[in-house]
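In UniProt numbering, the protein residues as written are 1 to 706.
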């Protein structure tokens with residue numbers, strides 16, 4: 001079973017943004033350099049970690065705005081010994097996942113009545129040795145724990161030659177441990193599988209020769225080749241070539257950008273067109289994509305407040321059970337009664353049920369396309385009463401569509417403007433160009449205008465020749481300043497479109513302004529249904545924050561029935577708005593997708609990032625949607641509330657059942673065998689009840705409009 005990693009962690013020296021600690025691992029917990037670095041680097045605010053296992057020293061450099069030396073010390077102490085693989089290519093495991101313990105104790109239980117009496121004792125002792133070893137280690141390190149009580153109960157049973165009770169106890173304990181490890185393994189593996197790299201092989205150039213190597217063999221300083229369709233595997237600088245790179249996974253920007261010599265590229269971004277030679281600066285676990293996976297893996301080891309409270313409560317109840325057993329023995333003189341009492345402590349169920357319920361819920365969320373980065377995220381989401389949404393790419397799709405065609409030249413129609421623009425834009429794979437081509441395809445009279453060779457001007461637009469006249473399509477800067485085409489005559493119409501929140505594309509033909517196309521990103525089809533469902537799930541207030549124009553923001557807020565909005569905000573102003581809501585007592589869930597949303601995501605009670613969210617947004621968020629749309633926000637809210645209700649009901653069951661068993665055992669109404677079977681059976685039953693959350697059907701969603 002997982003447990004605390006460090007027995008102690010002392011701050012030896014601290015300075016601005018740097019802290020040095022002296023650590024000591026728990027008994028049985030290994031302190032390999034890379035394991036500790038991997039874990040601590042993934043904590044919030046940590047920039048760099050150095051470990052010296054020889055003197056058990058840990059040096060951490062951190063962002064002062066995000067954490068401090070004492071908070072960092074608490075975060076490190078809260079880490080559990082990782083049952084997770086360190087990274088691709090590293091060995092790792094999930095503890096002892098084999099059912100050997102269950103099979104061994106089960107075989108001993110079956111053989112108990114078939115062996116000669118003189119062999120039953122040695123057999124029971126042999127299968128109980130792992131339990132005794134664990135109890136002894138915990139007694140030395142932590143004092144009296146539930147494992148100590150369990151071992152004491154088994155020892156009393158063996159001492160009384162009640163080998164059946166001893167074997168039943170060890171079997172049920174082994175079964176409970178195995179079930180817990182199984183659900184943790186399955187839930188963790190599912191979540192980690194969602195973050196696996198797209199390719200295990202990488203093209204590199206070494207000694208002037210291009211060769212395909214294992215992704216794990218890429219080293220700092222290698223020249224990596226990324227061609228069309230390739231996911232860039234490293235963070236680095238472009239040495240040569242030119243390509244259109246989709247950075248949606250890292251920056252949240254749906255518009256591909258041109259990358260050429262001298263530009264920085266990030267791992268996890270996609271080369272849509274072109275070819276790049278990249279100098280590898282951050283590889284493996286240091287690359288951006290790997291650090292996301294690292295964050296996810298290590299966050300799974302951090303306990304929620306509910307788990308910590310359950311663990312503390314369980315530890316506080318252990319002496320009470322031991323005292324009750326001692327009092328029963330003193331008053332009755334019966335070791336059998338005392339042994340029966342020791343069989344039924346609260347600790348097992350309290351410590352098992354809560355993490356398993358959270359893990360099962362995280363597994364369920366993962367199956368439904370939502371990545372939950374730790375139990376505390378579910379816990380805080382269940383508590384949230386205010387939901388705050390970013391607009392672009394969250395409530396809206398981020399995919400542009402043409403809504404207006406402003407004609408600026410006599411003799412042409414709105415359809416002509418779209419058709420002419422589409423004729424040259426169809427060669428350009430840019431979101432605005434694709435929106436124009438899509439609009440032209442739906443016109444009643446689709447017409448293609450023959451043109452000359454298309455010239456692509458990076459960050460400006462495209463140019464060509466139609467009927468001997470130069471045609472330019474692109475930004476206002478391109479058309480007005482570079483091409484010298486005046487837009488002054490249509491300033492009012494252009495301003496009207498701009499104030500309506502439209503993205504504008506300018507078309508110049510023959511040295512004059514031909515037209516202006518206005519575009520909007522569409523409201524996501526599941527936005528309205530999700531807002532309605534969140535209200536059904538207890539959301540008291542739903543608001544929107546955006547950097548967009550107030551007019552467009554107001555129209556969208558009214559369309560979706562939001563409780564309020566704030567428009568024209570800069571990134572730091574979004575974070576200030578979140579802070580203001582929090583000061584009013586709101587428990588905030590913030591949903592955003594881009595690099596500009598990272599401050600707000602960090603400042604919220606719980607942050608949720610979209611599927612196309614940036615690297616920084618994912619690192620700052622507690623929950624990441626892995627499917628398009630925001631329906632997952634309502635799904636995971638329902639899962640979080642169900643988990644909370646399940647845990648609360650489990651607490652009541654644990655208190656009621658174990659109190660009844662303890663009372664009956666103390667009064668002599670239950671034998672040690674009966675008490676063991678009832679207690680451990682109830683514990684496993686509650687565990688299975690928590691585990692059942694992983695098999696629940698997908699939460700129903702309201703029907704969306706076609």
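Note that beta-carbon positions come from the ideal geometry of N, C-alpha and C, so glycine has one too.
Kindly indicate if chain C contains any beta-carbon less than 7 Å away from that of residue i.
i, result
"residue 497", "Note that chain C does not occur in the displayed structure, where there is just one protein chain."
Just how far apart, CA to CA, sit residue i and residue j?
i, j, result
"residue 445", "residue 422", "13 Å"
"residue 691", "residue 176", "12 Å"
"residue 508", "residue 203", "43 Å"
"residue 566", "residue 426", "37 Å"
"residue 403", "residue 519", "5 Å"
"residue 263", "residue 257", "11 Å"
"residue 385", "residue 326", "47 Å"
"residue 451", "residue 487", "24 Å"
"residue 536", "residue 137", "50 Å"
"residue 457", "residue 512", "19 Å"
"residue 144", "residue 347", "12 Å"
"residue 260", "residue 371", "34 Å"
"residue 231", "residue 269", "6 Å"
"residue 172", "residue 354", "19 Å"
"residue 142", "residue 572", "45 Å"
"residue 547", "residue 534", "24 Å"
"residue 589", "residue 529", "18 Å"
"residue 16", "residue 74", "18 Å"
"residue 78", "residue 132", "26 Å"
"residue 376", "residue 361", "12 Å"
"residue 475", "residue 279", "32 Å"
"residue 21", "residue 63", "17 Å"
"residue 85", "residue 363", "Its pLDDT being 34, under 50, residue 85 is placed unreliably by the model, and the measurement read from it follows with that caveat. Cα to Cα, residue 85 sits roughly 18 Å from residue 363."
Assign residue i to one of two classes, buried (16 or more other C-beta atoms within 10 Å of its C-beta) or exposed (fewer than that).
i, result
"residue 320", "exposed"
"residue 373", "buried"
"residue 226", "buried"
"residue 469", "exposed"
"residue 134", "buried"
"residue 652", "exposed"
"residue 564", "exposed"
"residue 380", "buried"
"residue 585", "exposed"
"residue 39", "buried"
"residue 65", "exposed"
"residue 220", "exposed"
"residue 343", "buried"
"residue 117", "exposed"
"residue 91", "The predicted position of residue 91 is uncertain, since its pLDDT is 32 and thus under 50; a value taken from the coordinates is nonetheless stated next. By the 10 Å Cβ count, residue 91 comes out exposed."
"residue 110", "exposed"
"residue 637", "buried"
Just grab the DSSP bridge partners of residue i for me.
i, result
"residue 235", "282"
"residue 506", "474 and 516"
"residue 205", "210 and 223"
"residue 544", "389 and 565"
"residue 456", "462"
"residue 588", "386"
"residue 242", "260 and 275"
"residue 13", "20"
"residue 363", "Looking at the DSSP assignment, residue 363 forms no beta bridge with any residue, so it has no partner."
"residue 570", "Bridge partners of residue 570: none, in fact."
Output the boundary residues of the beta strand (DSSP E) element that contains residue i.
i, result
"residue 727", "Outside the displayed span of the chain (1 to 706) sits residue 727, for which this structure offers no information."
"residue 210", "209 to 214"
"residue 79", "No beta strand (DSSP E) contains residue 79, which DSSP labels as neither H nor E."
"residue 410", "Residue 410 -> no beta strand (DSSP E), and no H or E assigned at all."
"residue 635", "That residue, residue 635, is in no beta strand (DSSP E); its alpha helix (DSSP H) goes 631 to 666."
"residue 65", "Note, residue 65: premise wrong, no beta strand (DSSP E); not H, not E."
Could you check how far apart the C-beta atoms of residue i and residue j are, in whole angstroms? I think they sit under 8 Å.
i, j, result
"residue 497", "residue 406", "7 Å"
"residue 639", "residue 625", "Actually they are not in contact, since the Cβ atoms of residue 639 and residue 625 sit about 13 Å apart, beyond 8 Å."
"residue 47", "residue 59", "Wrong, their Cβ atoms sit about 11 Å apart, outside the cutoff."
"residue 153", "residue 169", "6 Å"
"residue 523", "residue 657", "In fact, because the Cβ distance is near 50 Å, the residues do not count as touching under 8 Å."
"residue 149", "residue 322", "6 Å"
"residue 531", "residue 560", "5 Å"
"residue 234", "residue 218", "6 Å"
Span of the alpha helix (DSSP H) holding residue i?
i, result
"residue 402", "Not the alpha helix (DSSP H): residue 402 falls in the beta strand (DSSP E), residues 396 to 407."
"residue 679", "672 to 691"
"residue 451", "No alpha helix (DSSP H) contains residue 451, which DSSP labels as neither H nor E."
"residue 418", "414 to 425"
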